[in-house]
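Number of protein chains: 2
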Amino acid sequence: MTQSMNTKSRVLVVGAGAIGSFYGAVLASQGAEVSVVCRSEFDVVRDHGFAIESDKLGNQVFRPTQVLRSAEDYQGGSPDYLIVSVKVVEGVDRAALIRSAVGPDTAIVLIENGVEIEAEIAEAFPENELISALAFIQVSRVGPGRVRHHAFGDLSFGNYPSGISDRCRQLANQLKDGGIKSMLSENVVTARWEKCAWNAVFNPISVLGGVLDTDAILSPPEGEALVRQAMREVGDIAAATGHPLRDGLFDQYVDGTRKAPPYKTSMALDYENGRPMEIEVILGNTVRAGRREKVAIPALEALYALMKMVEFRLKKEQG
Amino acid sequence: MTQSMNTKSRVLVVGAGAIGSFYGAVLASQGAEVSVVCRSEFDVVRDHGFAIESDKLGNQVFRPTQVLRSAEDYQGGSPDYLIVSVKVVEGVDRAALIRSAVGPDTAIVLIENGVEIEAEIAEAFPENELISALAFIQVSRVGPGRVRHHAFGDLSFGNYPSGISDRCRQLANQLKDGGIKSMLSENVVTARWEKCAWNAVFNPISVLGGVLDTDAILSPPEGEALVRQAMREVGDIAAATGHPLRDGLFDQYVDGTRKAPPYKTSMALDYENGRPMEIEVILGNTVRAGRREKVAIPALEALYALMKMVEFRLKKEQG
Numbered sequence: 161m162t163q164s165m166n167t168k169s170r171v172l173v174v175g176a177g178a179i180g181s182f183y184g185a186v187l188a189s190q191g192a193e194v195s196v197v198c199r200s201e202f203d204v205v206r207d208h209g210f211a212i213e214s215d216k217l218g219n220q221v222f223r224p225t226q227v228l229r230s231a232e233d234y235q236g237g238s239p240d241y242l243i244v245s246v247k248v249v250e251g252v253d254r255a256a257l258i259r260s261a262v263g264p265d266t267a268i269v270l271i272e273n274g275v276e277i278e279a280e281i282a283e284a285f286p287e288n289e290l291i292s293a294l295a296f297i298q299v300s301r302v303g304p305g306r307v308r309h310h311a312f313g314d315l316s317f318g319n320y321p322s323g324i325s326d327r328c329r330q331l332a333n334q335l336k337d338g339g340i341k342s343m344l345s346e347n348v349v350t351a352r353w354e355k356c357a358w359n360a361v362f363n364p365i366s367v368l369g370g371v372l373d374t375d376a377i378l379s380p381p382e383g384e385a386l387v388r389q390a391m392r393e394v395g396d397i398a399a400a401t402g403h404p405l406r407d408g409l410f411d412q413y414v415d416g417t418r419k420a421p422p423y424k425t426s427m428a429l430d431y432e433n434g435r436p437m438e439i440e441v442i443l444g445n446t447v448r449a450g451r452r453e454k455v456a457i458p459a460l461e462a463l464y465a466l467m468k469m470v471e472f473r474l475k476k477e478q479g
Numbered sequence: 161m162t163q164s165m166n167t168k169s170r171v172l173v174v175g176a177g178a179i180g181s182f183y184g185a186v187l188a189s190q191g192a193e194v195s196v197v198c199r200s201e202f203d204v205v206r207d208h209g210f211a212i213e214s215d216k217l218g219n220q221v222f223r224p225t226q227v228l229r230s231a232e233d234y235q236g237g238s239p240d241y242l243i244v245s246v247k248v249v250e251g252v253d254r255a256a257l258i259r260s261a262v263g264p265d266t267a268i269v270l271i272e273n274g275v276e277i278e279a280e281i282a283e284a285f286p287e288n289e290l291i292s293a294l295a296f297i298q299v300s301r302v303g304p305g306r307v308r309h310h311a312f313g314d315l316s317f318g319n320y321p322s323g324i325s326d327r328c329r330q331l332a333n334q335l336k337d338g339g340i341k342s343m344l345s346e347n348v349v350t351a352r353w354e355k356c357a358w359n360a361v362f363n364p365i366s367v368l369g370g371v372l373d374t375d376a377i378l379s380p381p382e383g384e385a386l387v388r389q390a391m392r393e394v395g396d397i398a399a400a401t402g403h404p405l406r407d408g409l410f411d412q413y414v415d416g417t418r419k420a421p422p423y424k425t426s427m428a429l430d431y432e433n434g435r436p437m438e439i440e441v442i443l444g445n446t447v448r449a450g451r452r453e454k455v456a457i458p459a460l461e462a463l464y465a466l467m468k469m470v471e472f473r474l475k476k477e478q479g
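Chains as they are written, first to last, in my numbering: chain A, 161 to 479; chain B, 161 to 479.
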């Protein structure tokens with residue numbers, strides 16, 4: 161009997177899109193009992209599970225223990241880990257989505273983009289352990305129940321508002337056995353701001369230019385200047401909230417992005433494919449934090465205003 | 161014999177696109193000898209003239225006295241008025257385009273968008289009278305040699321750098337007889353900055369949102385805020401160059417634009433139709449003036465940077 165406690169973890173993934181089903185599959189491959197709430201593809205996933213294609217980790221079929229339309233249908237007690245990988249867009253009440261499955265010992269794990277996304281959940285579940293995680297991954301849904309893992313996969317996480325619990329370490333171990341590197345972070349809020357300095361800048365810019373790849377963004381000298389200006393503004397906000405970003409981060413982002421083959425951001429891909437864009441959680445929350453902290457953020461304000469116009473146009477076109 | 165001196169004026173229009181041919185037609189209708197340089201549609205215009213469709217002024221065929229491929233071919237001396245209505249885009253040397261037709265008594269009339277577009281011509285022809293004109297008109301080319309006048313038509317002009325000469329008044333009279341209202345301006349440079357406060361703001365924004373009409377630009381509260389911020393920046397630049405804009409102008413622009421039926425800017429139409437956009441003359445010159453005058457222009461810099469990225473992408477796509 162060599163199976164560890166870890167491998168018997170009960171996991172519920174709420175919002176089993178590409179990211180949620182990918183990490184769910186990794187944990188399931190290590191013996192965890194992984195269930196999913198997935199509404200739009202319920203029938204396909206119930207009948208066939210998820211087909212996960214990955215050059216890095218191999219192809220696999222992930223058959224969740226329970227396939228549910230709603231967290232209310234979760235059976236057999238409460239999960240040890242409740243992974244929230246719902247896209248944070250307007251009108252989605254994440255607390256309501258998970259409430260009925262959250263037990264007293266459930267650790268809630270947010271694998272979501274953006275900044276300042278934890279407080280809402282922390283306030284709704286003040287007694288529960290909250291783990292905030294950032295996914296560095298390229299993964300996409302390529303068909304009903306079909307997920308393609310393109311590259312990367314690392315997770316960076318820690319407890320909110322700070323610290324690293326035993327549960328975090330257990331989760332990291334399970335993921336590691338499944339081929340996923342975890343970076344445990346004593347201050348995950350700072351880590352979120354660091355990621356935001358890239359995301360809140362490149363994502364909207366890539367949409368505003370009419371789907372620009374990273375090459376088109378950084379090639380004009382004015383382009384790099386705008387990127388750096390907006391990044392500095394994110395850094396100023398982060399510092400004002402008590403989470404100063406590390407020196408050299410912006411150079412690293414610009415140089416790293418320039419050296420990588422040109423690619424389109426996730427927001428540009430959402431825009432191209434008519435999917436909701438994470439404007440509010442990535443850029444809106446950043447701008448609101450900047451206003452609250454009274455930081456000068458003219459470039460971010462301009463990007464945000466332009467994105468709101470795009471959103472207005474799209475809503476109007478969709479009737 | 162009631163024909164006035166005015167009606168015998170010799171006029172050469174260089175850059176007979178929609179705007180140039182429209183005003184050329186108006187002057188020809190009042191008896192002026194109007195010739196045109198038009199390269200791309202030379203054959204059609206030589207054989208058939210321009211068909212001008214206008215609900216306001218009536219339909220007419222405008223047959224230029226001389227239809228030329230180049231100003232070098234202009235015959236019979238020099239024109240009294242040389243109208244330059246070439247789109248001011250990168251790589252076009254306007255002085256070289258007109259040089260061979262400019263005589264000692266030729267008044268050069270610039271009917272072109274943008275700010276700080278006169279100095280280049282003033283320096284190239286220091287002995288000639290220079291008239292700078294702004295067209296408030298909606299007019300477009302609808303086919304080879306076919307021009308549609310949609311609305312408006314007023315011209316605002318005066319001498320560069322300032323003043324109103326007899327030649328300006330003569331031109332205004334001729335236009336008036338042809339149905340076009342002229343607003344003579346003692347300080348046409350200020351008038352240019354005033355127009356720029358609308359143009360340098362709404363034009364790029366309309367492109368960056370993926371072709372936004374004025375409704376989509378002003379509907380989100382952040383949209384109006386960005387418009388007003390960028391307008392204030394143009395106003396600061398204009399004031400720094402010694403041309404303070406009049407009080408209430410920005411309110412007038414925002415209110416007027418909001419009240420008008422939603423429409424697309426000229427730059428958005430150029431973008432949609434794959435035509436060169438007047439980024440440099442409208443926005444680039446504004447930004448350069450702001451940098452030169454050391455005015456803080458973060459919103460304009462952001463808009464300019466984004467437009468340079470769009471331009472980069474378009475050039476790349478066109479190979």
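Cβ coordinates follow ideal geometry from the N, Cα and C atoms, glycine included.
- To the nearest angstrom, how far is it from the Cα of THR162/B to the Cα of ASN445/B? Low local confidence applies: a pLDDT of 35 at THR162/B is under 50, so the model's placement there is unreliable, and no value is given.
- Item | Enclosing beta strand (DSSP E) for ASN273/B [first to last residue] | ASN273/B -> no beta strand (DSSP E), and no H or E assigned at all.
- Query: For the putative contact between ALA293/B and LEU315/B, defined by C-beta atoms under 8 Å, what is the C-beta separation to the nearest angstrom?
  - Reply: 5 Å
- Three-state secondary structure (DSSP) of TYR241/A: strand
- Task: Evaluate contact between the stretch 346–356 of chain A and the stretch 321–334 of chain A, counting only Cβ atoms and requiring at least three cross-stretch pairs below 8 Å.
- Result: yes
- Neighbour list for TYR464/B in chain A, Cβ cutoff strictly below 8 Å: Listed by position along chain A, the residues whose Cβ is nearer than 8 Å to that of TYR464/B are GLU382.
- Task: Scan the stretch 322–366 of chain A and note each continuous alpha helix (DSSP H) run of 4 residues or more that stays entirely inside, going in chain order.
- Result: 326–337
- Query: Contact check, PRO381/A vs ALA459/B under 8 Å by CB: the rounded distance?
  - Reply: The pair is not a contact, with the Cβ atoms about 19 Å apart (cut-off 8 Å).
- Query: Counting only beta-carbon atoms, is MET469/A nearer than 8 Å to chain B?
  - Reply: It does; some Cβ of chain B falls within 8 Å.
- Message: For the pair the stretch 190–198 of chain B and the stretch 276–291 of chain B, tell me if three or more CB-CB distances fall below 8 Å.
- Response: no
- Message: Tell me whether the stretch 211–226 of chain A and the stretch 238–246 of chain A touch, counting them as touching only if at least three CB pairs, one residue from each stretch, are closer than 8 Å.
- Response: no
- Message: Counting only Cβ pairs nearer than 7 Å, list the residues of chain B close to PHE472/A.
- Response: ALA376, SER379, PRO380
- Item | chain B contact residues for LYS476/A, given Cβ-Cβ distances below 9 Å | ASP375, ALA376, SER379
- Message: Which complete alpha helix (DSSP H) runs does the stretch 358–444 of chain B hold, if anything under 4 residues is left out?
- Response: 374–378, 381–400, 409–419, 426–432
- Using a Cβ cut-off of 8 Å, pull out every chain A residue sitting near PRO458/B, in sequence order please. GLN389, PRO458, ALA459, ALA462
- Contacts of GLY450/A in chain D (Cβ-Cβ under 8 Å): Checking the listed chains, one finds no chain D in this structure; the protein chains it contains are A and B.
- Query: GLY369/A touches chain B at which residues, Cβ-Cβ below 8 Å?
  - Reply: LEU368, LEU466, MET469, VAL470, ARG473
- Residues sharing a beta bridge with ARG473/B, DSSP: Per DSSP, none; premise fails for ARG473/B.
- If you measure from the beta carbon of ILE365/B to each beta carbon in chain A, is any gap under 8 Å? yes
- Counting only runs that start and end within the stretch 279–317 of chain B, where is the alpha helix (DSSP H) found for 4 or more residues in a row? Taken in chain order, the complete alpha helix (DSSP H) segments of 4 residues or longer contained in the stretch 279–317 of chain B are 279–284.
- Query: Using a Cβ-Cβ cut-off of 6 Å (strictly less than) and excluding sequence neighbours within five positions of PHE202/A, which residues of its own chain qualify?
  - Reply: ARG229
- Query: Which residues does DSSP pair with SER214/B in a beta bridge?
  - Reply: Answer is HIS309/B.
- Query: Who pairs with ARG170/B in a beta bridge, going by DSSP?
  - Reply: GLU193/B
- For VAL248/B, the three-state DSSP class (helix, strand or coil): coil
- Message: Count Cβ pairs between the stretch 355–375 of chain A and the stretch 452–472 of chain A that sit closer than 8 Å; are there 3 or more?
- Response: yes
- Task: Following the continuous beta strand (DSSP E) through VAL221/B, name the residue where it begins and the one where it ends.
- Result: 220–222
- Item | CB contact below 8 Å: LEU228/A versus chain B | no
- Which class does THR162/A belong to by DSSP, given the choice of helix, strand or coil? For THR162/A, the pLDDT reaches just 35, beneath the cut-off of 50, and the residue's location in the model is therefore unreliable, although a value from the coordinates is still provided. Reduced to three states, the DSSP call for THR162/A is coil.
- Pick helix, strand or coil for VAL262/B, following the three-state DSSP scheme. coil
- Query: Is ALA385/B close to chain A, meaning its C-beta is less than 8 Å from at least one C-beta of that chain?
  - Reply: yes
- Message: Give me the chain B residues within the contact set of LEU372/A, using Cβ-Cβ distance strictly less than 7 Å, ordered along the chain.
- Response: MET469, ARG473
- Message: On the criterion of 16 or more Cβ atoms from any shown chain inside 10 Å, does GLN412/B qualify as buried, or is it exposed?
- Response: It is exposed - the Cβ of GLN412/B has fewer than 16 other Cβ atoms within 10 Å.
- Message: Whole angstroms are fine: how far does the CA of SER181/B sit from the CA of ALA188/B?
- Response: 10 Å
- Task: Please check if any C-beta of chain B sits within less than 8 Å of the C-beta of ALA357/A.
- Result: no
- Please go through the same chain and pick out, in chain order, the residues whose beta-carbon is closer than 7 Å to the beta-carbon of THR401/A, but skip the five residues on each side of it. ALA449, GLU453
- Could you tell me if PRO364/B is buried or exposed, where buried requires 16 or more neighbouring beta carbons within 10 angstroms of its beta carbon? buried
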